[in-house]
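Beneath this line is the structure, given in structure tokens, with notes to follow.
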Amino acid sequence: MEDTTFSNKSAPEKWSKLETLGHLIDSAANNHQRFIRGQYEDCPKIYYDQNQWVTLNGYQTCNKLQLIDFWTLYNQQIIEILKRMSAESLERKCQNKEGSVFTIHYLITDYIKHLEHHLHQIVEY
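Under the working numbering, the first residue of the sequence shown is numbered 2, with each subsequent residue one higher.
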């Protein structure tokens, strides 16, 4: 995919494919915290402002290949965490910003759905 296609924005307030990929990195970072801290803390409240994270990380001006590599490596580590997670850990809970409580199992499933949703925005497969 051309670099200009990757950095193009359909509207000023919309994310480019580059920023969407960056958002997936931010999602990985925050879910990493949920998947680890949720195993030993009592119902941690972990959330982030996705637009602030995308803006402050400056993804629009980042190197596309560097972001792809970073996203790939981060998700490989998350896979390793999930492979080692016990059945008991999957039932432990975390809170979102609003205070709603979810099991780690639910958060893993939601993470995968969210990931696939945004990957379809970046590339067709």
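We put the beta carbon where it would ideally sit given N, CA and C, even for glycine.
Rounded to the nearest whole angstrom, the CA to CA distance from L19 to S101 is 31 Å. For E89, the closest alpha carbon among the candidates K46, A30, P13, T104 is that of T104.
Between the region 13-31 and the region 47-60 there are three or more inter-stretch CB-CB distances shorter than 8 Å, so the stretches are counted as touching. In the structure shown, K84 falls within a helical segment according to DSSP collapsed to helix, strand and coil. Secondary structure note for Q122: its alpha helix (DSSP H) is the uninterrupted segment 105-123. Per the C-alpha coordinates, the member of L74, T21, T6, P45 positioned closest to R93 is P45.
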